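Note that the protein sequences, when read in sequence, are chains A and B. For what it's worth, the working numbering labels the leading residue of the first sequence as 1, then goes sequentially. For what it's worth, the working numbering labels the leading residue of the second sequence as 1001, then goes sequentially. Reading through the structure tokens given below for one structure.
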Amino acid sequence: MSAATETYYDRRGILQTLGRDGLIQIILILNTIVMLGPLVIMFFAAFKTNAQIFQSPFSIPDFSNVANLVKIWSETNFLRYLINSAIVTGSSIVLILTLGTMAAYGIARYNFRGSGFVLMFFVAGLTLPLKLAIIPLFILMRDLGILNTQLSLVIIYVAMGLPTTVFIMTGFIRTLPNELEDAARMDGASEPRIMWSIMLPLVRPALVISGIQNVVPIWNDFFFPLIFIQKDALKTLPQGLTTFMGEYTTDWGVLFAGLLLSSAPVILVYIVLSRQFINGMTAGAVK
Amino acid sequence: MPGSPLLARRLWITALIVPPLAFVALFVVYPIISAFAYAFFQWHGLARGEFVGFANFYKVLFTQPYADWTANAFLHNVLVFFALMVLQNGVGFLLAYCLWRELPGAAFHRVAVFLPVVLSTIIVGFLWKLFLHPLFGVVNISLRGTGLGGLAQPWLGQDTTALWALIIANAWHMVGFPTLVFLAGMQRIPGEILDAVRMETESEWVKISKVVWPLVAPSATVVFTLLFVGSFNWFELPYIMAGVDGSPHKATDVLGLYFYRTAFGDQSGSGQDFGAGSALAVLIFLFIAIVAGFITFRLRAREIQI
């Protein structure tokens, strides 16, 4: 084979690579425009009047015109809904991580008869949708007298979050080395003390993953508040959003401002912690 | 430790395991078992009546108008599943393959594609409902602005386009999820395998179909199963964008909406029937569990250990 043909093939290789990488860049850039475009339009529209939205939906608005945002803040229960969401989500996460770690620690660190069965029991509910048990849950909450309370939501979210949390935490806690634990046991430390002072600090990364995996679906949930909560003062953010979206149907600037304010907390946290969010939310799906 | 260390240890394990176990038993296992039991009873509002055997199942499957509603909603779920298989999982695979090359900017595109995934379905639903508004929505405004006014239509208001509009909104919302699951799968493919392939072939297609695709089989299993469960559980997006009645003319009705209406009543609040609702829930539940189990089992079989 002559030198000339070799260069020819080499060059073709480079051109092909350039062409292929160019195509890939174009696909990625177009996709990012499709992903972010709608959110940018929403962001702009939140600062516009109806007429501006209908005539020039893509134009950059005058950001000092915050009338729509003020209206949401002062005329709706937005702040109340936001606080409710924070209370419900916060308590649910604390309970999920506490109960989930307890169960996972028990299953992963101690050999006892039936531990395999106990794990199976938790994991069985992993993919089965609890939504379909909503009728019995509704009746159960009524019988417990907690319909129309935030407790009913917290309970259901903990029930929903425990299976995956126990699954992930058990896997993680099993990988921790025995040496530290054994040394502490030799020194006469009690089992609770070993768990609390020695093992739990090592579990932190898995707690972050589990926390994020649970926080997004709970913060965003709409179905269970729809069934359990009727009182306006107790509504969570997604549910409250449906309330004021219904009230301001003709005032599009206010509608977009409502969507912007509701999505802002999650978007801001996501931008700061995107790696943790991505790892956490795909944790159950990526081995 | 004073006393009996064995007993203390047993108590300690019990204290760890029993509270979470009791919680799951009471609020997951018991409701799911009850859901099955409830389907065999007649219901008067919120009060359970007499045992009626399979009458509720017979009612929702074989008597009119329920039978038609059930079939209509079920077929829509099937369509949603296959459409999203292409628009969400297929596109997700393609995007993952593009991100995998780690060209400049890939980190930014990765964050961007996942951004909608963290948003509430309620926000996404309202956003697209406003965008698709026949007169003032940005979609039709853009079409008119670029001389394509003939294509402008009431996307959510006509039978032919409404369900597809919902499907596309869903794909926009969730495409980042399969993308990043596939990407994680691709990143686990060992470099030696890829080098070996590069020696053998120049064709990108051969590389994708014969090497990458088989090696990301574990990601595919997860993503397909989750999409299946999600498609047959679809509720929030159609509820927000099309309403609880699956308008227009039940063109967007899916099992989730139909179940909700049957159990808790429609827009007017009438027609609440916990018996028929429970029967529907049991049928959907069994269908999802059996098919998801089957999908997982079949797809696991084609996974290769690297």
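All residues carry an ideal CB built from backbone N, CA and C; glycine is no exception. Predicted model, so just to flag it, every value in this text is computed and none were measured.
Under 8 Å from the C-beta of residue i: neighbouring residues of chain A
i: Phe-1057/B; result: Simply none; closest approach about 15 Å.
i: Ile-1284/B; result: Leu-132
i: Phe-1297/B; result: Simply none; closest approach about 13 Å.
i: Phe-1027/B; result: Leu-137, Leu-140, Ile-155, Ile-156, Val-158 and Ala-159
Spatial distance of residue i from residue j (CA atoms)
i: Ala-103/A; j: Ser-115/A; result: 10 Å
i: Gln-1272/B; j: His-1044/B; result: 9 Å
i: Val-1024/B; j: Arg-109/A; result: 21 Å
i: Ala-1251/B; j: Phe-228/A; result: 28 Å
i: Gly-1125/B; j: Asn-1077/B; result: 18 Å
i: Trp-1100/B; j: Met-1085/B; result: 21 Å
i: Leu-200/A; j: Ala-283/A; result: 20 Å
i: Ala-1162/B; j: Trp-1155/B; result: 6 Å
i: Ala-67/A; j: Gln-55/A; result: 19 Å
i: Thr-1160/B; j: Pro-177/A; result: 60 Å
i: Val-1216/B; j: Gly-1185/B; result: 5 Å
i: Ser-85/A; j: Thr-236/A; result: 5 Å
i: Asn-252/A; j: Gly-171/A; result: Inspection of the sequence shows that residue 252/A is occupied by Trp rather than by Asn. The alpha-carbon atoms of Trp-252/A and Gly-171/A are separated by roughly 48 Å.
i: Asn-279/A; j: Val-1018/B; result: 30 Å
i: Leu-1127/B; j: Val-1206/B; result: 40 Å
i: Gly-984/B; j: Leu-1227/B; result: Nothing about residue 984/B can be read from this structure; chain B reaches only from 1001 to 1306.
i: Ile-1167/B; j: Leu-30/A; result: 20 Å
i: Pro-1190/B; j: Trp-1234/B; result: 37 Å
i: Thr-1262/B; j: Ala-1039/B; result: 13 Å
i: Pro-1134/B; j: Ala-1165/B; result: 13 Å
i: Gln-52/A; j: Asn-65/A; result: 12 Å
Interface partners of residue i on chain B, CB under 9 Å
i: Ile-146/A; result: Correct list: empty, because the minimum Cβ distance to chain B is about 12 Å.
i: Phe-224/A; result: The contacting residues do not exist; Phe-224/A stays about 11 Å from chain B at best.
i: Phe-54/A; result: Leu-1135, Phe-1136 and Ile-1141
Where the alpha helix (DSSP H) through residue i begins and ends
i: Phe-1228/B; result: 1217–1231
i: Gly-211/A; result: 200–220
i: Asn-1077/B; result: 1066–1084
i: Asn-111/A; result: Asn-111/A -> no alpha helix (DSSP H), and no H or E assigned at all.
i: Trp-1164/B; result: 1159–1174
i: Gln-1088/B; result: Element bounds for Gln-1088/B: n/a, residue is neither H nor E.
i: Asn-65/A; result: Taken as a continuous stretch (DSSP letters only), Asn-65/A belongs to no alpha helix (DSSP H), as it is neither H nor E.
i: Gly-284/A; result: Premise fails: Gly-284/A is in no alpha helix (DSSP H) and is neither H nor E.
i: Ala-124/A; result: That residue, Ala-124/A, is in no alpha helix (DSSP H); it is neither H nor E in DSSP.
i: Pro-1031/B; result: 1030–1038
i: Thr-149/A; result: Unbroken run through Thr-149/A: none, as it is neither H nor E.
i: Val-1244/B; result: Per DSSP, Val-1244/B belongs to no alpha helix (DSSP H) and is neither H nor E.
i: Phe-1136/B; result: Phe-1136/B -> no alpha helix (DSSP H), and no H or E assigned at all.
i: Glu-1202/B; result: Element bounds for Glu-1202/B: n/a, residue is neither H nor E.
Contact set between residue i and chain B, taken where Cβ atoms lie within less than 8 Å
i: Phe-277/A; result: Phe-1114 and Val-1118
Simplified DSSP state of residue i, which is helix, strand or coil
i: Ala-1281/B; result: helix
i: Phe-1051/B; result: strand
i: Phe-47/A; result: coil
i: Trp-1043/B; result: strand
i: Ile-1141/B; result: helix
i: Ala-257/A; result: helix
i: Asp-1195/B; result: helix
i: Asp-143/A; result: helix
i: Asn-1103/B; result: Here residue 1103/B turns out to be Leu, not Asn, going by the sequence shown. Reduced to three states, the DSSP call for Leu-1103/B is coil.
i: Arg-193/A; result: helix
i: Glu-247/A; result: helix
i: Lys-1059/B; result: helix
i: Glu-75/A; result: helix
i: Trp-1155/B; result: coil
Neighbour-count burial assignment, residue i, 16 or more Cβ in a 10 Å radius
i: Pro-205/A; result: exposed
i: Thr-164/A; result: buried
i: Arg-1110/B; result: buried
i: Asp-221/A; result: buried
i: Phe-78/A; result: buried
i: Trp-1069/B; result: buried
i: Thr-243/A; result: exposed
i: Pro-1116/B; result: buried
i: Asp-182/A; result: exposed
i: Phe-256/A; result: buried
Chain-ordered neighbours of residue i on chain B, where CB pairs are closer than 7 Å
i: Val-266/A; result: Val-1118 and Leu-1119
i: Phe-158/A; result: The identity of residue 158/A in the sequence shown is Val, whereas the question assumes Phe. Correct list: Phe-1023.
i: Gly-106/A; result: Ile-1013, Leu-1016 and Ile-1017
i: Phe-112/A; result: Ile-1013
i: Ile-349/A; result: The question about residue 349/A has no answer here: the residues shown for chain A are numbered 1 through 287.
Neighbour list for residue i in chain A, Cβ cutoff strictly below 7 Å
i: Trp-1012/B; result: Glu-191 and Pro-192
i: Glu-1236/B; result: Phe-222 and Phe-223
i: Glu-1204/B; result: Arg-20
i: Phe-1274/B; result: Ile-135
Proximal chain A residues relative to residue i, where beta-carbon distance stays under 9 Å
i: Gly-1105/B; result: Gln-25, Leu-28, Ile-29 and Thr-32
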